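A.B. asks: In the working numbering, the protein residues as written are -11 to 711.
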Amino acid sequence: SIPLVIYQRPLKLHILPTFPQKSILNQFSTTQTTNMKSYLQLIGSGTFDVPPSIMVHFDNQQNSQRYLFNCGEGTQRFCLQNKLKASKLKNVFLTRVNWNCFGGLPGMLLTMADAGSKEIKLYGGPNLTHAITATRGFILRSTMSVETHEFQEDGMTFKDDNMTIYPIFFDLEESNNNISSSSSQGGVSLPSKRANDSTLDTVDNTSLQHKKEILSLMFNKSHQPHNPKGTKKSKTYEENSALEISDEVQSEKSSSSKNDDSLIQQRRKLFPKRLPKSRPSSASIAYVCIGPKYKGKFDPQAAKALGLKPGRQYADLVNGKSVTAPDGTIVHPNQVLGPSRAGLIFIVIDVPSTSYIPSICASPEFATYQTDNKDLQPRIIIHMLGDGVLENEKYQIWMKKFGPNTEHVIVNEQYCPQRIIFDSIAESQLKLSKIDENRFRVPYYSNQPEKLLDSIPNIPKTTHLAAPLLTFQMEPSFDIDSSNLPELFDHNNENSRAVKELNKNIEYLKIAAQVQEEVATATPKAMNIPGNNVIVTTLGTGSTLPSKYRNVSSTLLTIPNDGSILLDVGEGTLGALFRHFGPLGKTREGQISIEELFNSLKCIFISHMHADHHLGIVGILSKWNELQKNPSGYIHIVGPPKLWKWLSEFSDVQDFGLSRTRFIDNRDILSLQKQSGSPKKMSSSLKSLKESINLKSFETIEVIHCPFAYGISIEHLDGWKIV
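Here it is as structure tokens:
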């Protein structure tokens, strides 16, 4: 008798040292130009469901690799939707250790490990290792190694055969400690402590190695744990073994047994302890990426004129070695090679707000590349910008100081349209909407930006808007390639591909019309039946990992006049909500606005700690904290004990509003406690939850799935019940 709205939503400065210019150029690795192809590809363009990220491809016979800059929620699903294989991904660089840049990384690591990747390295600023090790309660893999590199502590340069990368740190204007030296502490911006968190006074600056030790226990490809259930279930076995480790700190005697190997013993010893405290850092990192220096083209005619014959001597000359001609003459490489050239330079910069602009403009490290020396002029700069940055006159002047051939790419939600990113689910919803357009709503989208780039006259003429899969070819020659851009989804345009394909499916349209008619005549009107206005909206109906048509688990329960509850929040839930309810400041016909939704959200229930059921919670809490109008308001979180531990530790990295939450342990509200005759006294948090939504009961039930897995039974005072 409850109207069921089904919305299946598979969500489609530390500083660069100031080197002399020649010194910089001489540090680049040297690679032959033959058989080399490299290009930069945009993943996200600032839409609700895929934050900005960039993938750089190097394809050659010896060393094909991928490099990823930022990995927000939805990145993995975007790669799946567009067949971008991450199997060659070895290095990930984060501009900030913030959920917007980091939120898709835990799920990506699990998927890569299960797909056979053997190692991956993560690079970023302060708290990177802390953020990863905070997930130890639900992430373990013994088939892949993961290493972190925090630039201030571990060195300020990345270099391999394909690229040399320098980080440039910059910070908020109000920060007194802009990074300007190689000191591990001197340049870290430390915002003021969060309210009610005096423990931040005890930050342990020597804890990085301890956290890296924990990371090595989480991802340890040298150790294959014994799996009593057989190798086919090793992934599930590892996930559950992480959940089985008690959060209670155990004594040396109780933490090991004769049947445990050393790895399990170390995990049981170190995992339960809370990570040493840290503090959020407001610093952002720009990455200056420099490709290999290319040797000049080999001239076989010149070699032949010098008496040389094709073969080993040709190869030696190409590799920089001098050879002896048949007449005894020494032939040097410069005699048969054309002029060499410096590697192409591109910069990735993340500017969250205008408060960072003074630090950027004052940086001598950026000035190194604002030069007349063409070898040091960046060919591409990717600007990931917060609102108001592009309109800032100082930032415009800073942009124009780069060379006239520098291509500037703008990634911003206001200037880039909120186009459909996951085409498959949008087309699926369009089909289903022919049965019932209210229950199967086409996701919100807009193919027109809020603001036009043309409205800003003082930016460089070579400025472009980002778009998904926009590609910049770097080698063998520079080119901007838009051929891979997905066609714009437009269900109101009869000439669009999606509409044409649907209209061809005449048999389906006939069946949809028939079903629509049958449902209209067969469904009785729910007059005064309890719960007749309750709405259930499915935001994700898949499992394990995001797929082409289904996002991972999340369900929204809307109780008009009382509030809303989220039942699980897998990665991508926040994007799904925006696609369903629309953007800030707009209300879609027939439903509440996204602002109203977040102000009515009273509770988040997490059933268990498998990653696909809760990795969207930080994004949800962060947005709730931003939009909640009541300064004294709070939200209830009901979940397993490891959930609170993870959220508490991640709040050391980013203040997402944890102080405005009330946590209820699933174990404390088991219905079995009533049946066994030993009910616990109702906690103040449970009491306030029930009162805030007018609930008669809110109880958990143990289910057979994994350690600490629970179902939920919710009964309303009006007489309806949902399990």
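Heads up, the beta-carbon is just placed ideally off N, CA and C, and yes, glycines get one too. Please read all numbers here as calculations on a predicted model, not as lab measurements.
1) How far does the beta strand (DSSP E) with N79 in it extend, from its first residue to its last?
2) Determine the extent of the alpha helix (DSSP H) in which L545 is found, giving its start and end residues.
3) Where does the unbroken beta strand (DSSP E) through M462 begin, and where does it stop?
4) Who are the Cβ neighbours of P40 in its own chain at under 6 Å, not counting the five residues just before and after it?
5) Which term fits G95, buried or exposed, when burial requires 16 or more other beta carbons within 10 angstroms of its beta carbon?
6) Within 10 Å of its beta-carbon, does K709 have 16 or more other beta-carbons around it, so buried, or fewer, so exposed?
7) I468: buried (16+ other C-beta within 10 angstroms of its C-beta) or exposed?
8) According to DSSP, simplified to helix, strand and coil, what is C277?
9) Of the residues F638, G60, I689, which one's Cα is nearest the Cα of D653?
10) Less than 6 Å between C-beta atoms, sequence neighbours within five positions excluded: which residues of the same chain meet that for G331?
11) If we call anything under 7 Å between Cβ atoms a contact, is Q613 one with G645?
12) How would you write the range of the alpha helix (DSSP H) that E353 sits in, first residue to last?
13) Under a three-way DSSP split, which group does Q253 fall into?
14) Strictly by DSSP, which residues pair up with R329?
15) Specify the secondary structure class of I657 as computed by DSSP and reduced to three states.
16) Are S434 and Q402 closer than 7 Å when you measure CB to CB?
17) So who's on the other strand from F207, going by DSSP bridges?
18) Across the segment 621 to 628 and the segment 64 to 79, are there enough close Cβ pairs to call them in contact, namely three or more that are closer than 8 Å?
19) In three-state DSSP terms, what is H198?
20) Pull up the CB-CB distance for D600 and G558, whole angstroms please, since I reckon it's below 8 Å.
21) How about I42 and F66: do their beta carbons lie closer than 7 Å?
22) For a minimum of 3 consecutive residues, which ranges assigned as the beta strand (DSSP E) are wholly contained in the segment 61 to 112?
23) How many angstroms separate the CA atom of Q197 from the CA atom of G113?
24) Please classify Y698: does DSSP put it in a helix, a strand, or coil?
25) May I ask you to report which of helix, strand or coil DSSP gives Q53?
26) Let me know the secondary structure DSSP gives I425 once reduced to three states.
27) Is it right to say H568 is buried, meaning 16 or more other beta carbons lie within 10 angstroms of its own, or is it exposed?
28) For M100, count the other beta carbons within 10 Å of its own beta carbon; 16 or more makes it buried, fewer makes it exposed. Which is it?
29) Have a look at the DSSP bridge pairing and note the partners of P155.
30) Write down the C-beta distance between F460 and Y154 rounded to the nearest angstrom, noting that I regard them as a contact closer than 8 Å.
31) For a quick check, are the C-beta atoms of A291 and V324 less than 7 Å apart?
32) From K574 to I553, what does the alpha carbon distance come to, in whole angstroms?
33) If you count every other CB in all the chains shown that lies within 10 Å of the CB of V711, and 16 or more means buried, which is it?
34) Examine the Cβ distances between the segment 576 to 594 and the segment 604 to 619 and report whether three or more of them are shorter than 8 Å.
35) Terminal residues of the continuous alpha helix (DSSP H) containing G530?
36) With DSSP as the reference, label Q406 as helix, strand or coil.
C.D. replies: For this structure:
1) 77 to 81
2) Where L545 is concerned, there is no enclosing alpha helix (DSSP H), although the beta strand (DSSP E) it sits in stretches over 542 to 547.
3) 459 to 463
4) G32, G34, M372, V399
5) buried
6) exposed
7) exposed
8) strand
9) I689
10) F16, I278, G279, P280, K281
11) Contrary to the premise, residue 613 reads as Asn rather than Gln in this sequence. In this structure, G645 lies closer than 7 Å to N613 by Cβ.
12) 352 to 355
13) helix
14) Y282
15) helix
16) no
17) R129
18) no
19) helix
20) 5 Å
21) no
22) 77 to 81, 107 to 112
23) 15 Å
24) strand
25) strand
26) At residue 425 the sequence reads Glu, which differs from the Ile that was named. Residue state, collapsed to three classes: coil.
27) buried
28) buried
29) Y275
30) Contact doesn't hold; Cβ gap of about 20 Å is too wide.
31) yes
32) 22 Å
33) exposed
34) yes
35) Segment: none, G530 is in no alpha helix (DSSP H) and carries neither H nor E.
36) coil
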